[in-house]
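Asker: Residue numbers (our numbering): 604 to 947.
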Amino acid sequence: MKTRCFILVSLLILVLSACRPDSQVSPLPTPGISPFSPLPVPPTNPAAAAAIAALAAELDLPAQEIAILSSEEVNWPDTSLGCPQPGMMYGQVITPGYRFRLQADGKAYNVHTDQTGTQVVICRSASGGGAAAPDAAFHTLLAHLCRMYPGFGLAPQEEWTAQHAAGSKSESSIWTWQRGDWYIEIAFSVAPAPATRAALRHRHAGIVWNGTVEANDQVTPRDELPAFSFNVGACDETAPSADEDGASTISATVHDGMVIVNQDLWYVCCAKLSLAVGRSENSIKIIETNTGEMCRCTCRYPITIGLMDLFPGQYTIEVWGVQYGDVHPLELLGSVEVHLPSPE
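1) Measuring only the C-alpha atoms, how far is PRO753 from ASP663?
2) For TYR918, collect the residues of the same chain with a Cβ closer than 6 Å to its Cβ; drop the 5 residues on either side in sequence, then sort them by chain order.
3) Look at ARG702 and VAL677 and say whether their C-beta atoms are less than 8 Å apart.
4) Taking C-alpha atoms, which residue in PRO737, LEU672, THR716 and ALA740 lies nearest to LYS710?
5) So HIS715 packs on GLY694, CB below 8 Å; how close in whole Å?
6) Would you call the CB atoms of ILE805 and TRP785 closer than 8 Å?
7) With H, G and I counted as helix, E and B as strand and the rest as coil, what does DSSP make of THR892?
8) So ILE906 and VAL835 are in contact, right, with Cβ under 8 Å, and what is the actual spacing, rounded?
9) What is the rounded straight-line gap between the Cα of LEU936 and the Cα of TYR904?
10) Using beta carbons (cut-off 8 Å, strictly below), is GLU817 in contact with chain B?
11) Which runs of the beta strand (DSSP E) fall wholly inside the stretch 676-716 and span at least 3 residues, in chain order?
12) As a quick exercise: from ASN713, GLN706, ALA707 and GLN722, pick the residue whose alpha carbon is nearest that of THR698.
13) Reducing DSSP to helix, strand and coil, say where CYS726 ends up.
14) Does THR743 come out as helix, strand or coil in the three-state DSSP assignment?
15) Quick check: TRP778 and PRO737, are their CB atoms within less than 8 Å of each other?
16) For VAL862 and GLY881, what's the separation of their Cα atoms in angstroms?
17) Would HIS767 be called buried (16 or more neighbouring beta carbons within 10 Å of its own) or exposed?
18) With distances taken Cα to Cα, identify the nearest neighbour of SER883 among ALA801, HIS747 and GLU675.
19) Which whole runs of the beta strand (DSSP E) in the stretch 803-844 are 3 residues long or more, in chain order?
20) In the DSSP assignment, what residue or residues form a beta bridge with SER674?
21) Please name the residue in LEU828, VAL822 and LEU913 whose C-alpha comes closest to that of HIS858.
22) Could you give the first and the last residue of the continuous beta strand (DSSP E) run that contains GLU921?
23) By the three-class DSSP mapping on this structure, what secondary structure does ALA654 have?
24) Helix, strand or coil: how does DSSP classify GLU947 here?
25) Could you check which residue in LEU878, ALA798 and GLY783 has the C-alpha nearest to that of PRO829?
26) To the nearest angstrom, how far is it from the Cα of ASP717 to the Cα of ARG750?
27) Identify which residue in GLN821, GLY814, GLU762 and ASN813 has its Cα closest to the Cα of ALA739.
28) Could you tell me which residues DSSP puts in a beta bridge with PHE589?
29) Of all the options ALA659, GLU668, ALA746 and GLU675, which has the alpha carbon lying nearest to the alpha carbon of ASN648?
30) Looking at the structure shown, is TYR786 part of a helix, part of a strand, or coil, going by DSSP?
31) According to DSSP, simplified to helix, strand and coil, what is GLU884?
32) From the DSSP output, which residues share a beta bridge with PRO905?
33) Tell me the DSSP secondary structure of LEU757 in three-state form.
34) Indicate the three-state DSSP secondary structure (helix, strand or coil) for GLN667 in the structure shown.
35) Identify every residue that forms a DSSP beta bridge with ALA879.
Here's what the structure looks like:
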């Protein structure tokens, strides 16, 4: 009997033990991390990890609070990694690396590295003051020029090659990007400045545009570009043959404060002609490019261009453009001097 009672008591104890709730407290989620969000994954690219570590040290922030907005493989033209510092000399050697755009504390930062992350340069906060870094300034200016001059054949940006040279006493470095006959030049000052000088230049036509680039993606021309209108006449197929003289005739007159340029052009006709106006002080360049397919007849094109919003003064007007079928040429078709008098 005693044995049976002992067995019953033992079974009762076991049943009650199995029914007890677990007294172990479940671990709370780590403070600051949502239990519904995935944990941050450390970057596997050593260059990305180095870029994040450098920015974290610069801002005195935990690396977990820095996010990668974008990354791009780049061949830097020298060891400055696209961010030369005043008074420094850099080896002129192509350096493979990365361009990272990182975000920290609500701000974006440009961080450049070499391929392994051994060299890291924090260029500038995208929202900070001062002039833009060379790489950022070039991309900003090129996008602006492509919108302004769609027929110049300036895109794509991957086909531009960069060169870096030492500047004068007032300019620490001059960067030049080249694509064919086109050059984009940006000069950076030794002392901190709110903007950098920049220019678009052609091998034959010279300076077409100049102005400044600021860190807030603002591009400002140095010389105000005149407003213009143009009219292209019908193709006259009674033009001389291709082996005859196809010289252009250009004249300019002034009417009601507007400079009117008349052209009489002979060349292989274009399906679509685009005109743009560049200016460097009192030199005005009218540039004509073909933005469509070529037709194969030899035609005569009368073109009339009206230039407005010019201050009184003496101007040299040059017309550069397509000649005998080239798609992106710039040959001097003619030039003319014109005097715009003061209004009476």
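Backbone N, C-alpha and C fix where the C-beta goes; we use that ideal spot for every residue, glycine too.
Answerer: Result, derived from the coordinates:
1) Stepping through the sequence shown from its first residue, residue 753 is reached at position 150. Stepping through the sequence shown from its first residue, residue 663 is reached at position 60. Near 45 Å, if we compare the C-alpha coordinates of ASP663 and PRO753.
2) Start at 1 with the first residue of the sequence shown, and residue 918 comes out as number 315. ASN885, ILE887 and VAL941.
3) Mapped onto the sequence shown, residue 702 falls at position 99. Mapped onto the sequence shown, residue 677 falls at position 74. Cβ distance < 8 Å, so ARG702 and VAL677 count as in contact.
4) On the sequence shown, residue 710 is found 107 positions in, with the first residue counted as 1. Of PRO737, LEU672, THR716 and ALA740, the residue nearest in Cα terms is LEU672.
5) Taking the sequence shown and counting its residues from 1, the one referred to as residue 715 is at position 112. Taking the sequence shown and counting its residues from 1, the one referred to as residue 694 is at position 91. Not a contact, Cβ separation roughly 15 Å.
6) Here residue 805 refers to the residue found at position 202 when the sequence shown is read from its first residue. Here residue 785 refers to the residue found at position 182 when the sequence shown is read from its first residue. Going by the sequence as given, residue 805 is His instead of Ile. Yes, the pair counts as a contact, with Cβ atoms nearer than the cut-off.
7) What you label residue 892 is simply residue 289 of the sequence shown in a count that begins at 1. Looking at THR892 - three-state DSSP - the assignment turns out to be strand.
8) Taking the sequence shown and counting its residues from 1, the one referred to as residue 906 is at position 303. Taking the sequence shown and counting its residues from 1, the one referred to as residue 835 is at position 232. Confirmed, Cβ separation roughly 5 Å.
9) Indexing the sequence shown from 1 puts residue 936 at position 333. Indexing the sequence shown from 1 puts residue 904 at position 301. Distance between the alpha carbons of LEU936 and TYR904: 13 Å.
10) No chain B is present in this structure, which holds just one protein chain.
11) 698-707
12) Position 95 of the sequence shown, counted from the first residue, corresponds to residue 698. If we check each option's Cα against that of THR698, GLN722 comes out closest.
13) Translated into positions along the sequence shown, residue 726 becomes position 123. The answer is strand: DSSP assigns CYS726 an E or B state.
14) In the sequence shown, residue 743 corresponds to position 140, counting from 1. In the structure shown, THR743 sits in a helix (DSSP, three-state: H, G or I).
15) For this step, residue 778 is matched to residue 175 along the sequence shown. For this step, residue 737 is matched to residue 134 along the sequence shown. Contact: yes.
16) Indexing the sequence shown from 1 puts residue 862 at position 259. Indexing the sequence shown from 1 puts residue 881 at position 278. Answer to the nearest angstrom: the Cα atoms are 15 Å apart.
17) Numbered from its first residue, the sequence shown carries residue 767 at position 164. Its Cβ being crowded by 16 or more others within 10 Å, HIS767 is buried.
18) Taking the sequence shown and counting its residues from 1, one reaches residue 883 at position 280. The option with the nearest alpha carbon to SER883 is ALA801.
19) 809-817, 822-824 and 830-835
20) By one-based count along the sequence shown, residue 674 stands at place 71. PHE703.
21) For the purposes of this step, residue 858 is taken as the residue at position 255 of the sequence shown. Among LEU828, VAL822 and LEU913, the Cα nearest to that of HIS858 belongs to LEU913.
22) To locate residue 921, count along the sequence shown from 1; it is residue 318. Where GLU921 is concerned, the enclosing beta strand (DSSP E) stretches over 916-924.
23) Locating residue 654 in the sequence shown gives position 51, counting from the first residue. Looking at ALA654 - three-state DSSP - the assignment turns out to be helix.
24) Counting from 1 along the sequence shown, the entry for residue 947 is found at position 344. Residue state, collapsed to three classes: coil.
25) Reading the sequence shown from its first residue, position 226 is the one you call residue 829. PRO829 has its Cα closest to that of LEU878, out of LEU878, ALA798 and GLY783.
26) One-based indexing of the sequence shown puts residue 717 at position 114. One-based indexing of the sequence shown puts residue 750 at position 147. Taking the straight line from one Cα to the other gives about 32 Å.
27) Taking the sequence shown and counting its residues from 1, one reaches residue 739 at position 136. The candidate whose alpha carbon is nearest that of ALA739 is GLN821.
28) Limits of the chain in this structure are 604 at one end and 947 at the other, which puts residue 589 out of reach.
29) Reading the sequence shown from its first residue, position 45 is the one you call residue 648. Ranking the options by Cα distance to ASN648, first place goes to GLU675.
30) Along the sequence shown, one-based indexing puts residue 786 at 183. In this structure, TYR786 counts as strand in the three-state DSSP scheme.
31) Counting from 1 along the sequence shown, the entry for residue 884 is found at position 281. GLU884 falls in the coil class under three-state DSSP.
32) Working through the sequence shown from its first residue, we reach residue 905 at position 302. Looking at the DSSP assignment, PRO905 forms a beta bridge with ASP867.
33) Along the sequence shown, read from residue 1 onward, the residue named residue 757 stands at position 154. Coil, per DSSP.
34) Working through the sequence shown from its first residue, we reach residue 667 at position 64. In the structure shown, GLN667 sits in a helix (DSSP, three-state: H, G or I).
35) For the purposes of this step, residue 879 is identified with residue 276 of the sequence shown, where counting begins at 1. DSSP output for ALA879 lists ILE890 as bridge partner(s).
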